[in-house]
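**Q** Supplied in structure tokens, the structure appears directly below.
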Amino acid sequence: MAEISEQLLIAEVERRLTNKYAQLPPDRISSAIQNANARFEQSPIRDFVPLLVERRAHAELAGAGQLKILPIPSDKDRRPLDKRSLPRAIRPRHRGV
Numbered sequence: 192m193a194e195i196s197e198q199l200l201i202a203e204v205e206r207r208l209t210n211k212y213a214q215l216p217p218d219r220i221s222s223a224i225q226n227a228n229a230r231f232e233q234s235p236i237r238d239f240v241p242l243l244v245e246r247r248a249h250a251e252l253a254g255a256g257q258l259k260i261l262p263i264p265s266d267k268d269r270r271p272l273d274k275r276s277l278p279r280a281i282r283p284r285h286r287g288v
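Written out as structure tokens, the structure reads:
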């Protein structure tokens, strides 16, 4: 059986994750793969590194893919802040003069 290089396997991982997370920028996917790969840099046994890299990068990207950008409310949708609804620890304190 022909030996496939680790770099080729990592490139295949990057292709799969790029297809799976098409909504994310390719640089973000590359960064996740590089971060995951760096964790195994000193590992003497390399056979499972591409699989482990894929799993770690997938977990990182799955979390990033769940972020939702909420719209900024317009001024007409904003209500004045009711300071009584804030937890006591963060309520503004007024000092008597």
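For my numbering, add 191 to where a residue sits in the sequence shown, where the first one is 1. Cβ atoms here follow ideal geometry from the backbone N, Cα and C, with glycine treated the same way. Remember, it's a predicted structure, so these values are computed and weren't measured experimentally.
1) Give me, in chain order, the residues of the same chain whose beta-carbon lies closer than 7 Å to that of residue 243; leave out the 5 immediate sequence neighbours on both sides.
2) So for residue 215, helix, strand or coil by DSSP?
3) Can you tell which of 273, 245, 216 has its C-alpha closest to the C-alpha of residue 226?
4) Could you work out which residue in 219, 250, 228 is closest to residue 241 when comparing CA atoms only?
5) According to DSSP, is residue 236 part of a helix, a strand, or is it coil?
6) May I have the straight-line CA-CA distance separating residue 196 from residue 236, to the nearest angstrom?
7) For residue 203, does the count of other Cβ atoms within 10 angstroms reach 16, so buried, or fall short, so exposed?
8) Using the C-alpha atoms, what's the distance from residue 250 back to residue 210?
**A** The relevant details are as follows:
1) 231
2) coil
3) 245
4) 228
5) coil
6) 14 Å
7) exposed
8) 15 Å
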